[in-house]
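Residue numbers (UniProt numbering), protein chains in the order written: chain B, 1 to 1085; chain V, 1 to 352.
Structure record follows, encoded as structure tokens.
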Amino acid sequence: CAGEEKRVGTRTVFVGNRPLSETETYVAQRFCDNRIVSSKYTLWNFLPKNLFEQFRRIANFYFLIIFLVQVTVDTPTSPVTSGLPLFFVITVTAIKQGYEDWLRHRADNEVNKSTVYIIENAKRVKKESEKIKVGDVVEVQADETFPCDLILLSSCTTDGTCYVTTASLDGESNCKTYYAVRDTIALCTAESIDSLRAAIECEQPQPDLYKFVGRINIYSNSLEAVARSLGPENLLLKGATLKNTKKIYGVAVYTGMETKMALNYQGKSQKRSAVEKSINAFLIVYLFILLTKAAVCTTLKYIWQSTPYNDEPWYNQKTQKERETFKVLKMFTDFLSFMVLFNFIIPVSMYVTVEMQKFLGSFFISWDKDFYDEEINEGALVNTSDLNEELGQVDYVFTDKTGTLTENSMEFIECCIDGHKYRSETQEVDGLSQTDGPLTFFDKADKNREELFLRALCLCHTVETKTNDAVDGATEPAELTYVSSSPDEIALVKGAKKFGFTFLGNRNGLMRVENQRKEVEEYELLHTLNFDAVRRRMSVIVKTPGGDILLFCKGADSAVFPRVHNHEIELTKAHVERNAMDGYRTLCVAFKEIAPDDYERIDRQLIEAKMALQDREEKLEKVFDDIETNMNLIGATSVEDKLQDQAAETIEALHAAGLKVWVLTGDKMETAKSTCYACRLFQTSTELLELTTKTIEESERKEDRLHELLIEYRKKLLHEFPKSARSLKKAWTDHQEYGLIIDGSTLSLILNSSQDSRSNNYKNIFLQICMKCTAVLCCRMAPLQKAQIVRMVKNLKGSPITLSIGDGANDVSMILESHVGIGIKGKEGRQAARNSDYSVPKFKHLKKLLLAHGHLYYVRIAHLVQYFFYKNLCFILPQFLYQFFCGFSQQPLYDAAYLTMYNICFTSLPILAYSLLEQHIHIDTLTSDPRLYMKISGNAMLQLGPFLYWTFLAAFEGAVFFFGTYFLFHTASLEENGKVYGNWTFGTIVFTVLVFTVTLKPFLKQQRMYFIFAQMLSSVSTWLAVILLIFISLFPEILLIVLKNVRRRSARRNLNCRRASDSLSTRPSVRPLLLRTFSDDSNVL
Amino acid sequence: MTWSATARGAHQPDNTAFTQQRLPAWHPLLSASITLPLFFCAGLAFLGLGLGLYYSSNAIQELEYDYTGDADEGSCATCATEDQGRAPPPRCSCSWYFTLSELFPGPVYLYYELTGFYQNNRRYGVSRDDAQLSGLPSALHHPANECAPYQYSAGLPVAPCGAVANSLFNDTFTLWHRRQPDAPYVEVPLDRSAIAWWTDYHIKFRNPPLVNGSLALAFKGTAPPPNWPVPVYELSSDPNNTGFVNQDFVVWMRTAALPTFRKLYARIRQGNYSAGLPSGAYRVDIAYNYPVRAFGGHKLLVFSNISWMGGKNPFLGIAYLVVGSLCIVMGFVMLAVYIRYQDQDDDDNDDE
């Protein structure tokens, strides 16, 4: 609706749509209404729009053309023969699309017609949701969903806050607190809210859920406007649900299709599978065959007709008109007629069958019990059914680390204060340093420092407490439950609790902490400098009970070390690095005291930045940057991120299946590397090649060093792998394995190093190295870089199929970029799952999804496609051969009914059932032997070889059908009463054999036309011939299969033996992370 | 897909054999141990069938005579020279003499065979009006356009219209038998009824409703096809065998599949000849009317008897024999391959 509205500048919303004062006249602005339209069609434009879209498909358009030719030119078959199948196909597709659109309409209506309450003239008015206008004041009750994006004005609580869960938007089920502007908190009745005169200035709608910039100008009686800034914490999003708050009043700022939720649902691009490309290639081949056939027949016809008595024998004279037609024109119409006669070689119903197969087949994924996860009470979800078979074709897997390979459920392991190590007693640890409990270790560092550190842990976070609440249900009574968007923080707060410092929660802006002596200390929270991925740290500014103002900061080592005094770093740094090596996530904690004078300046700057309408982010960042300097390092914490269930087994299976697994993570190198070892992406024998800032920074000129390294690695790898992909497949059995580690800054150096041709060269060398490595780890990646890498691999020679799997918002770009995107319904929200093609609860499900489902779907669809071409060639070849015996007169061999129904009725359902249920190898075998996956890699079953195999079989069978019947007809009679058969009987025999053969075919792996069929059935000879011909046509394939089976049996036996001997030598199954001992240097170049 | 904002509690998937893709399935494993016996069984069965078919086909006797008159032999040669290029040709008759030394077992069927005649030419095949032939009065006077140029003749609608009807085979045969060399020739009765398909004769082809009990009046206002000497209602004197339901006509109208075809002319099963044709001298009197030399065709006269599998057709028997022996040969090959691999496997197992 607001298409002409540009997404720049600001919009002004008058609260309650009232003028600010009597003097100003209120000009009603036009915003779009609150109607959600996700449907594609309306009742009126459905037919033309849908038809137009359907005829954009090559096959449909082709049949339309054939149909038109049949209508206009005198052709052997009636227009019905191609019109009816086309009509059928179009109708089925239209019904399917119509149904889907109807579902969308219904879902829209459900949302649009829901009742909401609007405050108009101090009255509560009941309205339909779609009637909400921008500026309306809306009342929302507890557990209701917000009907549009609202600015919170007031709530029933005294402090103007409300709790909201955004589970349906981003999957975060914890309650978030939203705030009302201070000046409107009191207006919590319908009457008082009506007296509010205010205008909201805010940015135009944009899809980012976590960004909002606005300002509210409140006009009190003095007509002096009071301006307050508005941020995301004031904006209640459509789709979120109000919790724990009786009711709120809010003013609508974005409605309908301009809400953030609606904007987020748009622009998901359509992905097409590689199979469709194969289909198009086959179509072209068959089109070529068709044209050749028509051309051959036309030529031969005119050669044959050069004998006068063949052209016009006395018993079959032409009309005057026919004699007078130009020869060229006649040849052209003959050509068209032949084309029409043979046009069924292009399978008309293939697209519809393929689509039905995909649509119905995708249910098997969502039905799969193995994908069901009890924790989240959900199974797999299929968002696109177009890509089922692509799951069987994956070459590269890109996986996120946190939340995907690892659980993202954090456990506090240990901390270090001024270089002294503390370990929590409850933690099971390896034998290195057994602890006797926390207290014995507390005398290591200065007592004051310890307490300062623990207070920092208790204060520097955004955790909220919940007591006996009814929201989550999962809480133990009378105990504090911590809720936060970041699991690390909860782990830290819980860790502090173990050491005696308990965070009791916020009350009236005071953070309450219970110390070791069971006293409650209250700190006034002055400012929170929020965490973001760029700064990689967060800070709080608090006022102690004693009146001091302290800043506590925690963040990644790289983000904190440059901002603290140098002499403190060394001890902690060693600790941090060792912990990182063990696969823990480390955070450094620092503090600084702020003098009251400084604080006033800082306070002013912060408020200023927060009020800014434009570029607020940048301004805030700058202020934060200024504040977080010259801090004192206190210590570091380490938190373990547990590996997901069976992550290592899954990775091993994927490796064995010939897939290349790349880990793309934003985490630091040491942590990522240890995770990679833990999940067996790198083996202890893997030789690691590193391209990181560490290896490069040593020299002066980075680029030269990079260049050297690249050349060196390439030489090494080329030497190791002489050539060809064949040796690559054997790589992990015979050769030394290589793993590559690269970090974000080096990657950008490679990709955008000086603009000349060298960067291109680097990229090529880099790709060569990547392709030779069995595993690649990319750490310190920004979300965009992840997508960049995926795109780079996607565009490699041979365009490999890529799959991305991730769970967080930072993986969305890579999920969208890759051929197949898989989302994990993880703890970091649902954004990844929402943007993915498939979503599964856990990483381990990837194994069955690819190895079993992907394999089966690919085999099924490949058979389906090949079969369609096969059966139509079988069908048309006798028709073609018959032309040689009827004087090239375009006499159809089959009756029109057979021509029409062959594709629709006689042959389409068995293959559809087959393509849904076929399991050429049992699912358990597929999952247990990943090597089977390699057999179908590279679109193996739709290459030229199998295609020719099917084509030749089809040609053979077509020839058998025709000539078998031909020789059968070299007799006086086929019946015991001596009666004679005619040409339609001939066609019907061929057709019968054809349908039986074609229907039997998938399981190696009727009909009635007038009276001919009945008459034919009464003949014993015909039956014998039918049986014989079916047998002959299937004979060669039976032979081939049997021969192959004999070979495979012995091969399998060999394999079993080899596997038995393998298993003796295989390494013991995955060792737990903590027990793993590896020496870092031995693996690194 | 949907906008429903409430998080739907997805339920645990059903644990049924269908949804978990664990339906019981029969895997037709074409392994050697199963297929080898199958191959041998099928091969033997096919050989048996083939032998049976071959012998029953061989037991069938056929007597053929090409009476086109090309070769300047026989009495039909004169007729042949006269018919050159003329349609309709002048009436001419000739005879074919043959002797049977022993009984030609019955029932005996008399066929005529044409070669080089494209009844399956599309332009020819569509040149008919099935509505007219089913006796529809409206179609009788308004033949379909496909019939052109045999749609109207001198302004009158042609009945039956079209090229197929116009080119009706109009040679006639009579069979004479002489038991003793001196005895006179006795006419052998030819049964010309029930030579057409039952469905054609009873359902597809119907005469138009009689007008005042007369078929001739029903066809009033129509012209016979140009090549026909008599109108359709005079094809036979038998009221059940004239008009569109004339058996010869119905047989002719079922167009043949290939350019060489046979059509049933008569059955011999009456009187003394129900057991077949006894030995003796025979004469076939041929009314030579149908011109075939214009398109390089031939006319043949065929006596044949019929077995349970139809007429003489060695193809089916031979094909079964070939496929059967192929099966057995392949069975042996397979066996050899199987044994060889088996040995190899054993060797491999020993190596391990």
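Ideal Cβ placement from N, Cα and C applies to all residues, glycine included.
What do you reckon, is the C-beta of residue i under 7 Å from a heavy atom of the ligand FMN?
i      : result
B:R601 : Summarising the ligand content, the structure contains no ligands, and the ligand FMN is consequently not present.
Measure the alpha-carbon distance for residue i versus residue j and round it to whole angstroms.
i       : j      : result
V:W228  : V:V158 : 11 Å
B:G798  : B:A252 : 51 Å
V:D285  : B:K979 : 23 Å
B:V1026 : B:T992 : 8 Å
B:D924  : V:W197 : 58 Å
B:Q305  : B:D311 : 5 Å
B:M792  : B:R780 : 18 Å
B:G823  : B:T402 : 13 Å
B:G635  : B:R449 : 9 Å
B:L103  : B:A491 : 44 Å
B:L237  : B:D143 : 14 Å
B:C202  : B:K260 : 14 Å
B:K592  : B:E570 : 19 Å
V:L326  : V:F40  : 10 Å
V:L100  : V:G280 : 5 Å
B:R507  : B:E524 : 9 Å
B:W984  : V:Y290 : 25 Å
B:E737  : B:L664 : 20 Å
Sorted by chain position, which residues of the same chain lie with C-beta nearer than 6 Å to residue i's C-beta, five sequence neighbours on each side aside?
i      : result
B:A94  : N50
B:L620 : A609
B:F282 : F869
Contact check, residue i vs residue j under 8 Å by CB: the rounded distance?
i                      : j      : result
B:G744                 : B:Q785 : 6 Å
B:L529                 : B:M538 : 6 Å
V:K263                 : V:T68  : With 8 Å as the limit, V:K263 and V:T68 do not qualify as a contact, their Cβ atoms being about 16 Å apart.
residue 355 of chain V : V:Y152 : Because residue 355 of chain V is not part of the residues shown, which for chain V are 1 to 352, the question remains open.
B:I132                 : B:N34  : 4 Å
If I measure Cβ to Cβ from residue i and keep anything under 8 Å in the same chain, skipping five residues before and after, which residues do I get?
i       : result
B:L1028 : G964
B:Y210  : P232
V:N272  : P278
V:F295  : G116 and F117
For residue i, count the other beta carbons within 10 Å of its own beta carbon; 16 or more makes it buried, fewer makes it exposed. Which is it?
i      : result
V:W308 : exposed
V:W252 : buried
B:G473 : Note that B:G473 scores a pLDDT of 41, beneath 50, so its modelled location is shaky; the value from the coordinates is reported in the next line. Result: exposed.
B:C188 : buried
B:F212 : buried
B:K123 : exposed
V:N246 : buried
B:N630 : exposed
B:I65  : exposed
B:Y309 : exposed
B:S685 : exposed
B:D136 : buried
Among the residues of its own chain, which have a CB less than 7 Å from the CB of residue i, if the five just before and after it don't count?
i      : result
B:A294 : F335, F338, M339 and F342
V:V337 : none
V:H177 : Y185, V186, V188, G280 and Y282
Alpha helix (DSSP H) runs contained entirely in the stretch 787-849 of chain B, provided each spans 4 or more residues: 812-817 and 831-835
4-residue-minimum alpha helix (DSSP H) runs that sit fully inside the UniProt domain "P-type ATPase A" (112-259) of chain B, ordered along the chain: 167-170 and 190-194
Residue ranges of each beta strand (DSSP E) within the stretch 536-602 of chain B, 3 or longer: Listed in chain order, they are 537-543, 549-555 and 584-594.
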